[in-house]
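A short worksheet on the structure shown next.
In this note's numbering, the protein residues as written are 1 to 191.
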């Protein structure tokens, strides 16, 4: 049986390819919702250490938790950095005024921000679920929760492997991480 560690080592190219498919699907889902195009700069397995990532995600970021019902409830955690949270929230709600920017920074909420987070969660669920389905891995993803906040990134040494998508939107670089459960790593490594 393929272990998670074996799969992560043996299938680096598979994970890079999987990351490209996932993040291209996210762009396709967001294109109709955003006033300007979102471009994918890089997609790969994340190589940074948890502590290095923690410094990047120390400010408020957006987090979406998904769960795959047909993979024994395997969790997927998606994290969008603060610049991405600001820009995408501002594009997914009619007006992102100064008060809403402060709410993002402090982790407070409002109907507008809840709507932006729900839109982002739906995009991530559909894009990730669709990509998994085309690979015969999973298709039943559900949104477990979504929020803005601080300290939302796992910084333990045994954190799940992550894929990273570096995007450019309105001239600004945005970073999106997706933590992959062991069940997906094993299935990718065995495919």
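The beta carbon of each residue, even a glycine, is placed where N, CA and C say it ideally should be.
Taken atom to atom, the span from the alpha-carbon of residue 83 to that of residue 152 is near 15 Å. Straight-line spacing of the CA atoms in residue 85 and residue 187 works out to 31 Å.
Approximately 7 Å separates the beta-carbon atoms of residue 174 and residue 80; this is inside 8 Å, confirming the contact. Secondary structure of residue 32 (DSSP, three-state): coil. For residue 11, there is no enclosing beta strand (DSSP E), as DSSP marks it with neither H nor E.
For residue 174, the uninterrupted beta strand (DSSP E) run begins and ends at 172-179, by DSSP. Taking the C-beta atoms as reference points, residue 145 is found no nearer than 7 Å to residue 72. Cβ-Cβ separation between residue 142 and residue 67: approximately 5 Å, consistent with a contact (criterion under 8 Å). Under DSSP, the beta-bridge partners assigned to residue 149 are 61.
Its Cα nearest to that of residue 78, the residue 127 stands out among 115, 69, 16, 127. If you look at residue 50, you'll find it isn't in any beta strand (DSSP E); it sits in the alpha helix (DSSP H) that goes 50-56.
With contacts defined by Cβ atoms closer than 7 Å, residue 134 and residue 25 do not form a contacting pair. Setting aside the 5 residues that flank it on each side, residue 12 is surrounded in the same chain by 45, each with a C-beta closer than 7 Å to its C-beta; the list follows chain order.
Non-local beta-carbon contacts of residue 159 in its own chain, meaning distances under 6 Å to residues more than five positions away in sequence, involve 50 in chain order.
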